[in-house]
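As structure tokens, the structure follows; a few thoughts come after it.
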Amino acid sequence: MPSFACGFKIIIAGGGIAGLTLAIALEKFNIDYVLLEAYKEIAPPVGASIGLFPNGLLLLDQLGLYEAIRDLVPRDYYGLSHGYPMLFFDRQWLLQLLYDHIQHKDRVLLQKQVLNIESGPSGVIVKTKDGSTYHGDMIVGADGIHSAVRNEMFRIVAERQPDYLQPLEQETVPAYYQCNFGIAKDVAGWEKGANVFTTGYGRSFLVASGPGNRVFWFLFVKLPETKYGKEIPKYTKEDEAAFIKEHATAQITEDITLGDVYAKRISSTLTPLHEVVFKKWFFQRIVLLGDSVHKPNPLSGQGGNGAIETVAELVNALLAKQRSRAQGLENLSTEDIVSVFQQVQDARHKRAEYLVSEVHTQQALLANEKPWLSTILLRVLGPLGGDKNTFSSVGERLVGTSYLHNLPVPRRPRLIPYDFELPEKPVASTRAKWTRAAFVAGMGLVIWSTGKAFRLPIDEVGDWGGIGPMTVNLLGQNRANEFLKVVTSVITYPLLDANLETRTQLVYFLSQLISPILMYTIEGYRAGNAGTPLALPMLFNAGMQVQGIGRIAPLHALLSAVFGFEGSGGRFVKPEVAKALIPALSLGYILPTVMMFIPTKNTHSWQTWAALWQFAPPLVTALTGIISSVLGRRQRRAKIAASKGTKEETEDALLMERYEEKDTPILQSVYDYAFYVQALAHIGTFAYAYAHPEISPMKLLFGVPNIFKKDWALGSLPSKLSVFFKFDMIYALTGIVSHNLYAIWDLRRSGYITTPRAVKAAMGVLVGQFVVGSGATWAGLWRWRESVLSGAVIRA
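Under the working numbering, the first residue of the sequence shown is numbered 321, with each subsequent residue one higher.
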């Protein structure tokens, strides 16, 4: 084999997004390379578009390219969720931009299609179709799904180490769909800035807006049967014309069809869609990246972005190897090269499989491959999910991105940190799903067991604590008022009971309801809970008066695990809502509760307060809505009056509040208020019980019969009601503590806190039940959680 030139040199095959990005990154670290591009132009007008997502833009920003890309695509939205927007524009533009930022353009050679590769113990020799020969230490195959480098790698493996690869792996690459994509301009009726997913049967659309009044469309149509390897067809313009004729009437929106968009096309093509992640990405001195080795369905937009991630990991591995050797990258052995490539595959393979699998599932749902499943997930559960709907995985695809370890990460404002910015690595999704399933099952079991424990003698109540009739008629002479009398009567027995222990138990119980009422209201207004059952705080706060907090607490905990917001992105509560909470809680719950406990000779007045108390928890929610609505309108009017911009710009400024974290200090003052009120009630109650000879502190919460025993033989009505309230409190405590512990686990699962910190927080929750009570502990925990999530936000 011919000898190789001295020095370390990388041969890059392919001048696409991956190859050009790698060239720019290598120049940043003064690593020599030559780039071989098969086409005669570096940015040919092939009519393709590119979607750059935050994970790809982050890496391009590290390379100093972001501002130039932004200049290509002027938009008002800056993508503060992940620090970067999702940008759609002509792929040709990006290729030209990348090429323009290469310093050593003499290293980029056109019309150099790779024909043959020789790999030896000290380097590689690459021969191109025009007869040229190039020497290097390694070759990177960034030459797409029809990779010549991959073909050569498989050939060499077959000759030297046949058992290293599955020899037929290239022939089993599947294509499930065909795709017609293109660029149109000035489409009549298209809403500027719109991005549309359209479902169908056996097909789906992705249509995105671009600069210059462009529209980028993708129509995905399922093939009659899956094709593999060489069976996958190559389409002609005649095939495309027939395809368009068949699907021209397919609706993108109610008013726009494929035919309407196609008629305004600048360019278009029809292509099969390969979907694959190869098991091995390298052999000896040959490595593959991008579509040549991991190609997802373009519906996700992660083809180019994923390729950029692999570029980053290759550069990271090279620089790590350089630092580990006194001679740097000089004279790397094949074993050294292999260790670099193995590091790349270890860093990227699992994530690449995840990205390909996720978008395959998404495509199947959009195309109704299983109509019953698409109906359930898209039309039933999807609307319930709000921000956390079927496509919430889009955000999950972004946060796990790679990055260049040896370049600074620009401090772009963003609500959601990337995984590498978190204090702990997020827990694997499989383990997290099993934990969630176990928690949901546990809470379901708790709710079921309340049917055994809650034996409310509803037929025996209806009077004024056994003393006299209920005369209150707040709702008039009707069934609703009769029901109100019954539920009011339930609470009057412990309220009027001569037994001091029973009255003390009631005082304590009602004081600890402050946190559930408050938290259900706050969670109902979380941005990330919008559209979910959690966004109905009235349902839970009214439900606790009818079904008991012992049922509602585990139910809310269960729903929080299933539908609750994830991470800092969904944490926001409007400042006007936060400001409304203390007045609403004080007027809606604390005042009626205090008034109910103040004895008066005017029995009718006392009964009225007791009846009004039944509306107290939902009244807190109602008052929060009313007060926040008034404050919100005032705030908007003030902003509009002070603004010199357009109405749209003013609305954008109001929307930006969620990124400025103005709600956090207000919410923390609300938690402080709830903490001190409930802590004082807890400490005061148990101090009083401990000091009083007629009260047993243990009996305030415990001393209940076996729920599986059919007859409790309690005798008197007050005894039955006392047991009911104890069970209600015990089940509420179970639901609340479980919810608290799961919330801590959720922070650890997401990587927002370390394991030791999670353990300390969990211990704090358990100890807090005894020291300050369940209500104060919950308020304190939520204050801490608020600061953890708010602290994860990256600010400018």
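Glycine included, each C-beta is placed from N, C-alpha and C at the ideal position.
The C-alpha of D457 is placed about 8 Å away from the C-alpha of N651.
Beta-bridge partners of N500 (DSSP): L539, L590. According to the DSSP assignment, E438 belongs to the beta strand (DSSP E) that extends over 434 to 440. Three or more Cβ pairs drawn from the segment 1042 to 1057 and the segment 1093 to 1101 lie within less than 8 Å of each other, which places the two stretches in contact. A contact is defined here as three or more CB-CB pairs under 8 Å, and the segment 1061 to 1076 fails this definition with respect to the segment 850 to 865. Taking each of F1090, G1088, I1064, Q1089 in turn and checking the Cα distance to V1079, the smallest one comes out for I1064. When DSSP states are grouped into helix, strand and coil, W784 belongs to the strand group. Within the same chain, and ignoring the five residues on either side of I576 in sequence, the residues whose Cβ sits closer than 6 Å to its Cβ are G509.
Rounded to the nearest whole angstrom, the C-alpha separation of G788 and Q927 is 11 Å. R534 is bridged by DSSP to K505, G530. Contact between A333 and V469 holds: CB atoms are separated by about 5 Å, below the 8 Å threshold.
Within the model, the alpha-carbon separation for N922 versus R953 is close to 42 Å. If you check the CB distance, V434 and V446 come in under 8 Å. Residues of the same chain with a CB within less than 7 Å of the CB of E673, apart from the 5 flanking positions on each side, are V597 in chain order. Between D580 and I503 the beta-carbon gap is near 15 Å, outside 8 Å, which marks them as no contact. A straight line joining the alpha-carbon of W784 with that of P912 spans about 18 Å. Less than 8 Å divides the Cβ of P1038 from the Cβ of Y813.
For the 8 Å CB-CB criterion, S769 and M790 do not form a contact. Counting only runs of 4 or more residues that sit fully inside the segment 547 to 630, the alpha helix (DSSP H) segments are 557 to 567, 578 to 582, in chain order. By the Cβ neighbour-count rule, M864 is buried, with 16 or more other Cβ atoms within 10 Å of its own.
In this model, W1102 and N688 are separated by some 41 Å (Cα to Cα). Closest in C-alpha terms to A855, from the list A862, V866, I696, I842, comes I842.
In the structure shown, D817 adopts coil according to DSSP, grouped into three states. In the DSSP annotation of this structure, the continuous segment of the beta strand (DSSP E) that includes I330 starts and ends at 329 to 333. Restricted to the segment 640 to 698, not a single beta strand (DSSP E) segment is unbroken, complete and at least 3 residues in length.
The closest CA to that of I389, considering only L372, F603, V664, is found on L372.
Non-local C-beta neighbours of Q1089 in its own chain, meaning closer than 7 Å and more than five positions away in sequence, comprise V1057, T1097, ordered along the chain. Assigned with DSSP and collapsed to three states, R891 falls in coil, not helix or strand. The alpha-carbon separation between A646 and F328 amounts to approximately 14 Å. Rounded to whole angstroms, G720 and G782 show a C-alpha spacing of 59 Å. L378 places its beta carbon 8 Å or farther from that of G339. Our two residues, H725 and L735, have alpha carbons roughly 22 Å apart in a direct line.
Below 8 Å, enough C-beta pairs join the segment 612 to 630 and the segment 674 to 682 to call them touching: three or more. Residue burial annotation: A562 is exposed, with fewer than 16 other C-beta atoms found within 10 angstroms of its C-beta. Note on geometry: alpha-carbon atoms of V760 and K1030 lie some 28 Å from one another. In terms of CA proximity to Q571, F540 leads the group V1024, F540, L815.
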